[in-house]
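Inspection log for the structure reproduced underneath, given as structure tokens.
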Amino acid sequence: MSDEKKRLSWREIDKLKDSSGLAKLRRKLEREEKSSTREDKKAKEKYLKELEKLFSGKENGEKEEFLKRLHQSTGKKDFQKLLLEFYEKFGLPDTARDLMLFLDASNRDIIYQTLEKIKEKFTEFNLSEKQGIFAKLKTLKLSTKDEVVAFKTEKLLRELSF
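Numbering (full-length UniProt numbering), first residue to last: 1 to 162.
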């Protein structure tokens, strides 16, 4: 019996292989590689956006500055004036956040065009932007005194929800 060596079961052998330093190191490297690719994608997207801003020219920078002022003036006296000025100079914006501002316009035609633009661009918006637009459209439908705007808003809500 003393000559007989203690033999390991297959389960024990597998356990030893899994807990070896090399296996731990390999798993650690795999985890780092996965996380670094995610971070690389985010960094690349951010970098490309910054490059686009840099090379887009003076007009785009002016537009961004104007939009910033417009967002800051929400709920203030000069909001409608700034909104109309932006619309005449640049037209309607493309982002959901900016389009929602134009739903507060006092000009019926601007609201109609904004509703059309939302309809066109709706598939490009992410989930939180879509939820924000739905909430804004529901609020507009309930709070507007203009029956035509309320009707068109309700129609758009039905179209977008399907």
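Note that the Cβ used here is the ideal one computed from N, Cα and C, for glycine as well.
Keep in mind it's a predicted model, so treat the numbers as computed, not measured.
With contact defined as three or more Cβ pairs closer than 8 angstroms, the region 141-156 and the region 103-114 are in contact. In this structure, the alpha-carbon of K63 lies about 51 angstroms from that of L25. Burial check for A96: the Cβ neighbour count within 10 Å reaches 16 or more, so the residue is buried. In this structure, the alpha-carbon of Y47 lies about 27 angstroms from that of M100. With 16 or more other Cβ atoms inside 10 Å of its own Cβ, F102 counts as buried. A Cβ-Cβ contact shorter than 8 angstroms links L70 with L82. By the neighbour-count criterion, in which a residue is buried when 16 or more other Cβ atoms sit within 10 angstroms of its Cβ, L140 is buried.
Rounded to the nearest whole angstrom, the CA to CA distance from L142 to V149 is 10 angstroms. A Cβ-Cβ separation of about 5 angstroms places F79 in contact with S73 under the 8 angstroms criterion. In the structure shown, K28 adopts helical secondary structure according to DSSP, grouped into three states.
Sequence-distant partners of E52 (beyond 5 residues in either direction) whose C-beta falls short of 8 angstroms from its own C-beta are missing from its chain.
Taking L115 as the centre and dropping the five residues before and after it, the same chain places the C-beta of K152, T153 and L156 closer than 7 angstroms to its C-beta, in chain order. The beta carbons of K121 and D104 sit about 18 angstroms from each other, so the pair does not count as a contact at 8 angstroms.
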